[in-house]
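Chains as they are written, first to last, in this note's numbering: chain A, 183 to 377; chain B, 183 to 377.
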C-alpha cells in the first residue's frame with residue numbers, strides 16, 4: 183500500500199463540465215500546483231515518448247493508423263498504450279510524492295486510490311456541456327452535442343479499460359458534483375474547503 | 183414540468199451509509215421536516231394501503247408469498263407494486279408542495295427531478311457500512327456484510343425498475359458524498375450549506 187503524507191486532490195471530469203477550470207481555481211486558492219497538460223509532458227519526457235506521440239496515442243489511439251499493416255498495427259497499439267499507461271502511472275505517483283497538488287484527469291484518482299487523496303468527479307448535463315465547449319474551445323464545424331457524445335464514449339472506454347471500474351459511478355469518488363446545476367464557483371468553494 | 187417554489191433536499195443512500203442520520207441532522211439544522219418512515223405512513227393512508235402491507239410489499243416484495251398460487255401471486259405482486267409506486271409518487275409530490283423539507287429514500291430525487299430540489303447520494307465502502315449497521319441496528323445473527331450485500335441488491339433492483347436509471351450513477355445527483363471517508367459531520371455541513 184502506497185501512503186502519502188501530502189494532500190492531493192484528483193479531479194475526474196466529463197468533457198465540457200468545467201472540471202479543469204475548477205481544478206485550476208482550487209489550486210490557485212490553495213497555492214498548490216495543478217497538473218493537466220503539464221502532466222502529459224512530464225510523463226512523456228520520463229518515459230521516452232515524444233510529446234506528439236503521447237498526444238496522438240492517448241484517448242484517440244483507437245482511431246489512429248500509425249502502421250500500414252492492420253493486424254500489426256493493432257498489436258503495436260496495444261503495446262504502446264500499455265507502455266503509455268505505465269509511464270503515466272509512474273509520473274502521477276512521482277508528482278503526488280512531490281507535495282500537495284491538484285491533478286485533473288488521467289485516471290489519477292484510480293492510480294492514487296491507496297494514497298491520502300481526495301477523489302472528485304465533476305459532471306453536468308450534456309446540453310450545458312455542449313454550450314460550454316463552444317464558449318471555451320470555439321466552434322469546429324461539428325455539432326457540439328456530437329462532440330460531447332464522441333468524447334464521452336472515448337473517455338468511458340479509456341477509463342473502464344484501465345481501471346476496471348464503471349465510469350461515472352459515485353462509489354469511485356469521495357465527492358461528485360454536478361457543476362451545471364451547482365455552478366462552477368460553488369464547486370470550487372466546496373473542494374477548496376474540503377482540501 | 184412540475185415547478186416548486188420550495189426548497190427540497192432529497193437523499194438517496196446506501197444501507198448503512200448514515201444517509202438517514204445525515205438527512206435528520208440537516209433538517210434539524212435548517213428547521214425543516216425530514217420524511218422517512220413518516221412518508222411511508224402518509225402515502226399508505228392516502229392510498230388505502232395498510233401500513234403493514236406497505237412495509238411488506240416494499241423493497242422485499244419479490245420475496246413475499248402473499249397468495250397461494252404462484253402465477254397468480256406474481257401478477258398480483260406486479261399490480262400491487264405499481265399501485266404502491268403511484269401512491270408513493272403522489273405522497274412525495276404532496277409533501278414537496280407543503281414546504282421545504284428533507285426526503286430520505288423512496289426514489290424521491292427521481293420523482294422530483296423537475297422540481298426545485300437538491301438531489302444527493304450518500305455512499306460508503308461496504309466494510310464501513312457493515313460495521314455501522316451493527317452499531318445502529320444491532321446484530322441479527324446474519325453476517326453484516328451479507329446483510330449489506332442483500333440490501334444493496336434489493337435497493338438496486340428497486341431503483342432501476344422504477345427509475346430506469348443506473349443505481350449509484352453520479353449523473354443522477356447534484357452531489358454524491360462518501361460518508362465513510364468524509365465523515366457524517368462533513369456531509370451534514372456541506373448539505374446544510376448548499377441548502
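Positions of the beta carbon are idealized from the N, C-alpha and C atoms, including for glycine. Just so we're clear, the structure is a prediction, and the values are computed from it rather than from any experiment.
Taking the straight line between their C-alpha atoms, what separation do you get for residue i and residue j?
{"i": "residue 247 of chain A", "j": "residue 331 of chain A", "result": "Reliability of the predicted coordinates at residue 247 of chain A is poor, the pLDDT of 49 falling under 50, and no value is obtained from them."}
{"i": "residue 376 of chain B", "j": "residue 275 of chain A", "result": "34 angstroms"}
{"i": "residue 201 of chain B", "j": "residue 360 of chain B", "result": "10 angstroms"}
{"i": "residue 196 of chain B", "j": "residue 314 of chain B", "result": "12 angstroms"}
{"i": "residue 341 of chain A", "j": "residue 267 of chain A", "result": "11 angstroms"}
{"i": "residue 338 of chain B", "j": "residue 349 of chain B", "result": "6 angstroms"}
{"i": "residue 260 of chain A", "j": "residue 373 of chain A", "result": "36 angstroms"}
{"i": "residue 312 of chain A", "j": "residue 363 of chain B", "result": "33 angstroms"}
{"i": "residue 378 of chain A", "j": "residue 286 of chain A", "result": "The structure shown does not extend to residue 378 of chain A, since chain A spans only 183 to 377, so no value can be given for it."}
{"i": "residue 191 of chain B", "j": "residue 310 of chain B", "result": "25 angstroms"}
{"i": "residue 293 of chain A", "j": "residue 371 of chain A", "result": "25 angstroms"}
{"i": "residue 249 of chain B", "j": "residue 264 of chain B", "result": "Low confidence applies here, because residue 249 of chain B scores a pLDDT of 49, under 50, leaving its location unreliable; read the following figure in that light. Rounded to the nearest angstrom, the two C-alpha atoms are 17 angstroms apart."}
{"i": "residue 296 of chain A", "j": "residue 205 of chain A", "result": "21 angstroms"}
{"i": "residue 346 of chain A", "j": "residue 290 of chain A", "result": "14 angstroms"}
{"i": "residue 219 of chain A", "j": "residue 288 of chain A", "result": "10 angstroms"}
{"i": "residue 269 of chain B", "j": "residue 214 of chain B", "result": "23 angstroms"}
{"i": "residue 317 of chain B", "j": "residue 298 of chain A", "result": "27 angstroms"}
{"i": "residue 323 of chain B", "j": "residue 273 of chain B", "result": "35 angstroms"}
{"i": "residue 329 of chain B", "j": "residue 319 of chain B", "result": "11 angstroms"}
{"i": "residue 193 of chain A", "j": "residue 208 of chain A", "result": "11 angstroms"}
{"i": "residue 343 of chain B", "j": "residue 343 of chain A", "result": "28 angstroms"}
{"i": "residue 187 of chain A", "j": "residue 224 of chain A", "result": "Annotation note: pLDDT 46 at residue 187 of chain A (below 50); position unreliable, coordinate value reported separately. When rounded, the distance between both Cα atoms is 22 angstroms."}
{"i": "residue 189 of chain A", "j": "residue 325 of chain B", "result": "36 angstroms"}
Using the beta-carbon of each residue, which ones in chain B are nearer than 9 angstroms to residue i?
{"i": "residue 351 of chain A", "result": "348, 350, 351, 352"}
Do you know whose CA, among the options, lies nearest residue i's CA?
{"i": "residue 281 of chain A", "options": "A/212, A/366, A/319, A/264", "result": "A/212"}
{"i": "residue 334 of chain B", "options": "B/191, B/189, B/199", "result": "B/199"}
{"i": "residue 368 of chain A", "options": "A/190, A/192, A/203, A/194", "result": "A/203"}
{"i": "residue 358 of chain B", "options": "A/320, A/305, A/324", "result": "A/305"}
{"i": "residue 353 of chain A", "options": "A/279, A/300, A/318", "result": "A/300"}
{"i": "residue 278 of chain B", "options": "B/322, B/319, B/217", "result": "B/217"}
{"i": "residue 210 of chain A", "options": "A/284, A/303, A/365", "result": "A/284"}
{"i": "residue 351 of chain B", "options": "A/288, A/303, A/221", "result": "A/303"}
{"i": "residue 365 of chain A", "options": "A/307, A/189, A/256, A/336", "result": "A/307"}
{"i": "residue 221 of chain A", "options": "A/207, A/256, A/271", "result": "A/271"}
Just the chain A side, please: which residues come within less than 9 angstroms of residue i by C-beta, in chain order?
{"i": "residue 341 of chain B", "result": "Ordered by position in chain A, no residue passes the 9 angstroms Cβ test against residue 341 of chain B, which lies about 13 angstroms from the chain."}
Which residues in chain B sit within 8 angstroms of residue i, going by Cβ to Cβ distance?
{"i": "residue 305 of chain A", "result": "352, 353"}
Applying a beta-carbon distance threshold of less than 7 angstroms, which residues of chain A neighbour residue i?
{"i": "residue 372 of chain B", "result": "372"}
Item to check | Contact list for the region 354–369 of chain A against chain B, Cβ threshold 8 angstroms | outcome: If you check each beta-carbon in the region 354–369 of chain A against every beta-carbon of chain B, the ones closer than 8 angstroms belong to 355, 356, 357, 358, 359, 360, 363, 364, 368.
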